[in-house]
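**Student:** After the structure tokens below, expect a handful of questions from me.
Protein chains: 2
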Amino acid sequence: MDARTLNVVATRQADEPASRQERKQRTRQALLDAALRLLKDRTFDGLSLREVAKEAGIVPTAFYRHFESMDDLGIALVERAMRSLRTMIREARQNPATYDDAIRSSVHTLRTHVRANEAHFRFLTRERYGGTGPVQAAIATELRLFASELAIDLGRFEGLTEWSADDLRMMADLIVTAMLGTVMELVDVRTPDPDTDEEIAAKARKQLRLIVLGVAGWRSQ
Amino acid sequence: MDARTLNVVATRQADEPASRQERKQRTRQALLDAALRLLKDRTFDGLSLREVAKEAGIVPTAFYRHFESMDDLGIALVERAMRSLRTMIREARQNPATYDDAIRSSVHTLRTHVRANEAHFRFLTRERYGGTGPVQAAIATELRLFASELAIDLGRFEGLTEWSADDLRMMADLIVTAMLGTVMELVDVRTPDPDTDEEIAAKARKQLRLIVLGVAGWRSQ
DNA sequence: CTTGTTAGTGCACACATGTTCACTGTAATG
DNA sequence: CATTACAGTGAACATGTGTGCACTAACAAG
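Residue numbers (this note's numbering), protein chains in the order written: chain A, 79 to 299; chain B, 79 to 299.
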């Protein structure tokens, strides 16, 4: 049913001998991938060390050669997923001329990046809202940071240059929340096809347009 | 530390004898409450039957007299939590005169109801985004329904009477997402105090105002 | 009063879990 | 070539898990 084999460690490029640390990194990555794969229909704290080890094709005890606990693995996962997110943001940032261009291109890169890194984004959104413990905390921190940067970016748009930092932050938070909602929708589709994706993207664009239109009439109370 | 005792079953009103089915319902409720209590810092699928039974003060096997599985318990929990939500909505619905009144009173009832039923709302938001399986599905369905009703309500406001059903739905979804975000913030505060609550409420009001202001400039593309 | 129903008990089972420990084979280092 | 470092193994542990079964005691119905 699934092309990816269970024993990921065994799946190396044909017969690369590979150095020692290279192989180590490889199984470390295999553990992360295994976890990500299992997280498709399980919550992080409904996930056991043994399960992940088995899925990665190593014995449970070998897990400790790479992470000192599942929480540790979780944090590493957050870091990897956030790298995906940051890559996306950088691409979305190439200064757009108008609001409409910004919206259109942002939603486009969101859509493509989510589809290209489904597991990462699923993990991020799931654990952001549903998680507990260090993992949820780590994600919350990263996203707060991300919203701060967005607030700064927003401050450069016309009509927003006079806004207070507080108001910019509230708008940034609204946008982040709305976009995470969009990510959730994309990632929760069981069999993705371009039509439903476009539907979701269209809705996201409309939501952003609605928010942006509000700027014209805004005065802080 | 916590006033609520472990053995909830034993905690009945002094010495009410109570009928047979009354007592049954009582322990059923005790199981639901126990689960809700444990869910404060655990995910639903990181929750074991034995744990819940122990917290409720009964032996694991007695669990089956009330629910046939944990998923079953989960669904019952969704129903109870949704009753809280519906009660809230009904209160928020008393037809307000202006947009501003609607926003102010809605956010107020949101805030008070969330604080009065923290566990319910925490469960709802957590499992909405972070959950898997039947529980998450049940919540998703209920919230979709809720958004539909909100869309209809919105259609009666001035400036929105001409909107297409699709656009109303997209606006309703945006509002629901934003408000769930607010619920999350409220429920994630470790030590709630009126000041931070008011801060969160103020941000929610601003976000709603921003959205509503967008209505004036809207034309569907 | 007798009888049947049933919420809750206690024991048992076959697992799954996290972690420990002594081990092995092989790549890296001298 | 000899030695060391170390990723991965396999057996073992104490504990937690879901669930089956025979049970008890108290209530409800006849």
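Just so you know, even glycine gets a beta-carbon here, dropped at the ideal spot from N, CA and C.
Computed from a predicted model, the values in this text were never measured in an experiment.
Is there a Cβ of chain B sitting closer than 8 angstroms to that of M148/A, yes or no?
**Tutor:** Against the first sequence, residue 148/A aligns to sequence position 70. No - not a single Cβ of chain B is within 8 angstroms of the one on M148/A.
**Student:** Between V254/A, R297/A, D123/A and L286/A, which lies nearest to R287/B when the distance is taken from Cα to Cα?
**Tutor:** Within the second sequence, numbered from 1, the residue matching residue 287/B stands at position 209. Minimum Cα distance to R287/B is reached at R297/A.
**Student:** Let me check understanding here. Comparing Cα to Cα, which of R128/B, G135/B and F122/B lies closest to T105/B?
**Tutor:** Counted from its first residue, the second sequence places residue 105/B at position 27. Of R128/B, G135/B and F122/B, the residue nearest in Cα terms is G135/B.
**Student:** Please report the residue range of the alpha helix (DSSP H) in which E376/B lies.
**Tutor:** Since the first residue of chain B shown is 79 and the last is 299, residue 376/B is not available in this structure.
**Student:** Rounded to whole angstroms, how far is the Cβ of E196/B from the Cβ of V265/B, which I believe are closer than 8 angstroms?
**Tutor:** Numbered from its first residue, the second sequence carries residue 196/B at position 118. Numbered from its first residue, the second sequence carries residue 265/B at position 187. Indeed they touch by this definition, with Cβ atoms about 6 angstroms apart.
**Student:** Residue range of the alpha helix (DSSP H) that S298/B falls in?
**Tutor:** One-based indexing of the second sequence puts residue 298/B at position 220. It is not in any alpha helix (DSSP H) - S298/B carries neither H nor E in the DSSP assignment.
**Student:** For G152/B, which three-state DSSP category applies?
**Tutor:** If you number the second sequence from 1, residue 152/B lands on position 74. Helix at G152/B.
**Student:** Which residue wins for smallest C-alpha separation from A243/B, given the options G233/B, L252/B and G237/B?
**Tutor:** In the second sequence, the residue the question calls residue 243/B occupies position 165. Out of G233/B, L252/B and G237/B, G233/B has the C-alpha closest to the C-alpha of A243/B.
**Student:** Touch check for the segment 206-222 of chain A and the segment 216-224 of chain B: three-plus C-beta pairs under 8 angstroms?
**Tutor:** Because the criterion of three Cβ pairs below 8 angstroms is not met, the segment 206-222 of chain A and the segment 216-224 of chain B do not touch.
**Student:** Taking C-alpha atoms, which residue in D119/B, R115/B and T121/B lies nearest to A131/B?
**Tutor:** One-based indexing of the second sequence puts residue 131/B at position 53. Here the closest residue by C-alpha is R115/B.
**Student:** Is the segment 271-290 of chain A in contact with the segment 175-184 of chain A, if contact means three or more CB pairs nearer than 8 angstroms?
**Tutor:** yes
**Student:** Based on Cα-Cα distance, which residue from T121/A, R98/A and D111/A lies nearest to G209/A?
**Tutor:** Taking the first residue of the first sequence as position 1, residue 209/A is located at position 131. It is T121/A.
**Student:** Can you list the alpha helix (DSSP H) stretches of 4 or more residues lying completely in the segment 104-161 of chain A, in chain order?
**Tutor:** List check, alpha helix (DSSP H) in window: 127-134.
**Student:** What did DSSP end up calling Q172/A once you bin it into helix, strand or coil?
**Tutor:** Numbered from its first residue, the first sequence carries residue 172/A at position 94. It is coil, neither helix nor strand.
**Student:** Apply the 10 Å Cβ neighbour rule to T274/A and answer buried if 16 or more other Cβ atoms are within range, or exposed otherwise.
**Tutor:** What you label residue 274/A is simply residue 196 of the first sequence in a count that begins at 1. Exposed is the call here.
**Student:** Using a Cβ-Cβ cutoff of less than 6 angstroms, which residues in the same chain neighbour L117/B once the five nearest sequence positions on both sides are dropped?
**Tutor:** Along the second sequence, read from residue 1 onward, the residue named residue 117/B stands at position 39. If we look at L117/B and ignore the five residues flanking it on each side, its Cβ neighbours are F201.
**Student:** Residues of the segment 192-213 of chain A with a CB closer than 9 angstroms to any CB of chain B: list them in chain order, please.
**Tutor:** Listed by position along the chain: T203, R204, E205, R206, Y207, G208, G209, T210 and G211.
**Student:** Secondary structure at V86/B, three-state DSSP: helix, strand or coil?
**Tutor:** Along the second sequence, one-based indexing puts residue 86/B at 8. With a pLDDT of 38 at V86/B, under the threshold of 50, the predicted position of this residue should be treated as unreliable, though the coordinate-derived value follows. Note: V86/B maps to coil in three-state DSSP.
**Student:** Name, please, each residue of chain B whose Cβ falls closer than 9 angstroms to the Cβ of W241/A.
**Tutor:** The sequence position of residue 241/A within the first sequence is 163, counting from 1. Chain B residues near W241/A: none, gap ~11 angstroms exceeds 9 angstroms.
**Student:** So S226/A is in the alpha helix (DSSP H); what residue range does that whole segment cover?
**Tutor:** As a first step, residue 226/A is located in the first sequence; it is residue number 148 there, counting from the start. From DSSP, the alpha helix (DSSP H) with S226/A extends over G211 to L232.
**Student:** Please classify Q91/A: does DSSP put it in a helix, a strand, or coil?
**Tutor:** Counting from one through the first sequence, the residue named residue 91/A turns up at place 13. Interpretation of Q91/A is limited by its pLDDT of 42, a score under 50 that renders its predicted location unreliable; no figure is taken from the coordinates.
**Student:** Does DSSP put P272/B in a helix, a strand or coil?
**Tutor:** As a first step, residue 272/B must be located in the second sequence, where it is residue number 194. Helix.
**Student:** Applying a beta-carbon distance threshold of less than 7 angstroms, which residues of chain B neighbour M249/A?
**Tutor:** Start at 1 with the first residue of the first sequence, and residue 249/A comes out as number 171. Here the neighbours are L288.
**Student:** Applying the 10 Å Cβ sphere with the 16-neighbour rule, what's the burial state of K102/B?
**Tutor:** Numbered from its first residue, the second sequence carries residue 102/B at position 24. With fewer than 16 Cβ atoms within 10 Å of its Cβ, K102/B is classed as exposed.
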